[in-house]
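Inspection log for the structure reproduced underneath, given as structure tokens.
Residue numbers (UniProt numbering): 1 to 351.
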């Protein structure tokens, strides 16, 4: 998640509805794509069901951290208004789950069905911690907030394995150009046990530059990381993990988004396909970059489809809905829904 300071501090309109996706015009991807790349959402897509846009609710927010809560609806974070919200199925249904949210960004259900949240910095107003929220009643407890006695930079996104261990990114995504709030000199990816024990820095200098979104493959043997520098490199990496869930040292560059764009949050379907949200930090032109969108990679890391979404800033995605085939994509102007042909992958009590 690239925080609101990276895009401006004004509040933007949010619309929860169906996805309206347009023809792609994507640049030549790496590795070689299937024939579906660049065609937009069509009825013969192997991944998506074509649906028309369907407005449901108007809000004011900068949305992040979507997680589907069974029986309640879509939880997401509203960063400017310091809230976590739950959107139910009924029109106009919107519940404030937590306020203040302490800079809440990425979220996920753990293996016991509690909500785990990365709290960012937000100019010193955030929690700078990884925390757990019980759902009913809502109650917050800190899992971890320091590494070797020093406060984290701005925990951003997370993913949880079958043992309940939490992998999370800790970039420097907040408005602190002089580094006055920083206590750590590394932007890294960490892993911690569900009870807060055995905190490890699993990726650091030389492996990632500014880690953003994180996601595990279904077999938990690959850790995906979007490494996103505003105005700099924007890469999707795959790190091989050993039987202990630690990086082997093998790093694959899955995709280079180029300048002016960046990968962010991710989700995975039951077949192991990886769905990556990608923002366009400035309006595209015919000569420079394609629109923001949802990029889908196979388990072998081939780009399968790339569908632009009409929102310049896309932050994260999750599977949900009754059949777990609806992809919710959060952004600065809209929350989008896209109907997938394959259900999302679930781990433990995620759904």
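Glycine residues also receive a C-beta, built at the ideal position from the N, C-alpha and C atoms.
Nonlocal neighbours in the same chain, by C-beta distance under 8 angstroms from residue i, ignoring five residues either side
i: residue 161; result: 167, 216, 220, 245 and 347
i: residue 146; result: 152
i: residue 184; result: 147, 150, 151, 152, 153 and 170
i: residue 341; result: 45, 46, 47, 48, 49 and 325
Option in the options with minimal Cα separation from residue i
i: residue 85; options: 66, 248 and 70; result: 66
i: residue 232; options: 211, 108 and 249; result: 211
i: residue 81; options: 101, 97, 72 and 213; result: 101
i: residue 112; options: 213, 70, 164 and 145; result: 164
i: residue 250; options: 75, 143, 188 and 206; result: 206
i: residue 299; options: 271, 208, 305 and 70; result: 271
i: residue 304; options: 230, 96, 228 and 273; result: 273
i: residue 108; options: 325, 342, 319 and 339; result: 319
i: residue 226; options: 157, 247, 192 and 218; result: 157
i: residue 338; options: 345, 332 and 321; result: 321
i: residue 332; options: 222, 120, 63 and 144; result: 63
i: residue 126; options: 243, 184 and 83; result: 83
i: residue 411; options: 77, 90, 47 and 46; result: Lying outside 1 to 351, the shown extent of the chain, residue 411 is not represented and no answer is given.
i: residue 276; options: 330, 155 and 119; result: 330
i: residue 269; options: 190, 92 and 324; result: 324
i: residue 256; options: 228, 267 and 247; result: 228
i: residue 230; options: 266, 262, 236 and 243; result: 262
Straight-line Cα distance separating residue j from residue i
i: residue 238; j: residue 264; result: 14 angstroms
i: residue 301; j: residue 148; result: 35 angstroms
i: residue 294; j: residue 309; result: 7 angstroms
i: residue 75; j: residue 209; result: 29 angstroms
i: residue 203; j: residue 253; result: 15 angstroms
i: residue 297; j: residue 115; result: 27 angstroms
i: residue 79; j: residue 314; result: 14 angstroms
i: residue 223; j: residue 214; result: 7 angstroms
i: residue 345; j: residue 134; result: 23 angstroms
i: residue 241; j: residue 124; result: 34 angstroms
i: residue 92; j: residue 317; result: 22 angstroms
i: residue 201; j: residue 336; result: 34 angstroms
i: residue 69; j: residue 236; result: 28 angstroms
i: residue 186; j: residue 90; result: 44 angstroms
i: residue 266; j: residue 190; result: 17 angstroms
Assigned exposure category for residue i - 16 Cβ within 10 Å defines buried
i: residue 87; result: buried
i: residue 94; result: exposed
i: residue 132; result: buried
i: residue 71; result: exposed
i: residue 278; result: buried
i: residue 104; result: buried
i: residue 106; result: buried
i: residue 311; result: buried
i: residue 73; result: buried
i: residue 155; result: buried
i: residue 120; result: buried
i: residue 248; result: exposed
i: residue 188; result: buried
i: residue 243; result: exposed
i: residue 180; result: exposed
i: residue 122; result: buried
Cβ separation of residue i and residue j, assumed to be a contact under 8 angstroms, to the nearest whole Å
i: residue 194; j: residue 136; result: Contact doesn't hold; Cβ gap of about 19 angstroms is too wide.
i: residue 352; j: residue 292; result: The structure shown does not extend to residue 352, since the chain is modelled only from 1 to 351, so the question has no answer here.
i: residue 138; j: residue 97; result: 6 angstroms
Nonlocal neighbours in the same chain, by C-beta distance under 6 angstroms from residue i, ignoring five residues either side
i: residue 35; result: Model confidence at residue 35 stands at a pLDDT of 37, short of 50, so the residue's coordinates are unreliable and nothing is read from them.
i: residue 142; result: 129 and 131
i: residue 144; result: 130, 192, 196 and 199
i: residue 343; result: 270, 324 and 325
Same chain, Cβ closer than 7 angstroms to residue i, five either side skipped, listed in chain order
i: residue 218; result: 268, 272 and 345
i: residue 159; result: 108, 167, 214, 215 and 216
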